[in-house]
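Written below as structure tokens is the structure these notes are about.
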Ligand code: GLC
Ligand code: CA
């Protein structure tokens, strides 16, 4: 495979609002990121991806943009952004920015114009339709509201919003819209950014004629939520190709698409190098609903993506945490007794699967889900929507909060716990979202002081990658063991092979590795129970005794 910087990269995702506040307003800011670049450099990551920092009324925390060419007031100014770019590049850290162009904010000047009159020159920047039999133009449900349509009294038409009603979908059929977006991308490219993370990147092209979804109603109010129907419609790839031709082509930039309902079959065309679309693609097949507490689901998903994309020359990205998922250690591991062991085990998996690893802020210190006490403690538009839907479906408020505590993406949005001082060192003011009460124990300062911390284990995993191309480029083969809680696989690259063995359980096991793979006396690369191979587990012939959440990487 062709070498590219982003194939060797380790990418750290920053949610600026929750990263570091510097002026006491309780909201993270660009200066806060600048202040922490040395921390990130020391961790060893090679690139940062910044979640949206553009002007926004924050209905969806920046994923609703009202000005693509300026910085959200609370985060700072364009001068701060330029300083951040310079400081990051001085440290050899690349900067990838979020591109949110399926929709704008309803407070974007384009939409304000569009709404004014049917003959406004911006009317066609968005998707407006007449009522059908006095109702919505079709049965579509939105990600964040029951119906995907909002009625506008003034002009007597509905506009489409696949997310909140403050996030109207742009009309990508309009060449002027496309041109505007390419100009915006070039504005940021000229500022020296190293790539884009393209938000909801496969739903710009709507199904021809906007027909009803054929599915039966699956929303409390009789609407149909059918993301597969909204995604990857005919002509979608061509739009992205046109986009890249006008923006990133010929430049050494990374583009990572984030796609709705992405499957390997549907994703492959976007990531084949010759198609000149995306470098890689973020999918949701490992999320909490799909994981369902079963390692077999992880194995199945990885196999699907290796067979369907990796083995067909498409690059992969690997992640378990993001601002859209609950905390990874709470989902895949044990955030109580085995928090440290299981966070390290999960990290081992992400960093030893093929492709480019993404680390979500705070995962490197094992931050956990947060016990939000009531719906009032939540901020997120999607969590509130989930809550309302649950109540409509007969849940009590208490039950709904128990579910949200487990499932909500807000779990990952609580401020970073930098130390054990008031507000965890995140702010001197009132934090915009509650701080996880475990900050006295789980924080960066404590992690830096403990040589066995999750932080140092991440550092080791990241530094291993620099000398071992097998981690990014190696082939992948699952190893069958009789134990469904054990996940084992082989990576191989130019004459080298590694075996990775992971236990997803708090009960110790003995696992037998098939005799075809001789592990006897093999060299240890890494183990989350200690540096010294063979010290913490007994290896007898082909049998390995695994401790709870143990992770072993051996060279064969
Ligand atoms: C993406 C973002 C998510 C946002 C949504 C709408 O999925 O990651 O946070 O709410 O798009 O822009
Ligand atoms: Ca601030």
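In this note's numbering, the protein residues as written are 698 to 1253. Here a beta-carbon is modelled for each residue, glycine too, at the ideal position from N, C-alpha and C.
Any non-hydrogen atom of ligand 2 closer than 7 angstroms to residue 994 Cβ: Outside the cutoff, so no.
Buried/exposed call for residue 1041, threshold 16 Cβ in 10 Å: buried
Length at least 4, wholly inside the region 788-844: the alpha helix (DSSP H) runs in chain order: You should have 806-813.
Coil, strand or helix - residue 687 by DSSP: As displayed, the chain neither begins before 698 nor continues past 1253, which places residue 687 out of reach and without an answer.
Contacts around residue 722, its chain only, beta-carbon distance under 6 angstroms, and the 5 residues preceding and following it disregarded: Here the set comprises 1126.
Simplified DSSP state of residue 1198, which is helix, strand or coil: Three-state DSSP puts residue 1198 in a strand.
Neighbourhood of residue 918 by C-beta, 6 angstroms cutoff - its chain only, sequence neighbours within 5 removed: 843
Closer than 7 angstroms: residue 889 CB and nearest ligand 2 heavy atom: no
Lining residues of ligand 1 - beta-carbon closer than 5 angstroms to any non-hydrogen atom, in sequence order: 757, 760, 860, 896, 897, 1021
Ligand 3 heavy atom lying under 7 angstroms from the CB of residue 720: Judged by which ligands are present, ligand 3 is missing from the structure shown, whose ligands are ligand 1 and ligand 2.
Where residue 1172 falls: helix, strand or coil (DSSP): Strand, per DSSP.
CB-CB length for residue 952 against residue 860, believed under 8 angstroms: Not a contact, Cβ separation roughly 21 angstroms.
Rounded separation between residue 1279 and residue 1205 - CA only: Residue 1279 falls outside the range modelled here, since the chain spans only 698 to 1253, and no answer is possible.
Residue 1232 - DSSP class collapsed to helix/strand/coil: In this prediction, residue 1232 has a pLDDT of 39, which is less than 50 and means its spatial position is unreliable; what the coordinates show is noted afterwards. Of the three classes helix, strand and coil, the one that applies to residue 1232 here is coil, per DSSP.
Alpha-carbon spacing of residue 1034 relative to residue 1246, whole angstroms: 11 angstroms
Secondary structure, beta strand (DSSP E): runs of 3+ residues fully inside the region 1002-1035: none
CB of residue 1048 within 8 angstroms of CB of residue 963, strictly: no
Residue of 790, 908, 750 minimising C-alpha distance to residue 777: 750
Complete runs of the beta strand (DSSP E) confined to the region 1135-1188 [at least 3 residues]: 1172-1176
Test item: CB-CB of residue 1183 and residue 1197 under 8 angstroms: no
Own chain partners of residue 1257 with C-beta closer than 6 angstroms, once the 5 adjacent residues on each side are dropped: In the structure as shown, the chain begins at 698 and stops at 1253. Residue 1257 is therefore absent and cannot be evaluated.
Minimum length 3: unbroken beta strand (DSSP E) runs contained in the region 739-788: 744-747, 764-768
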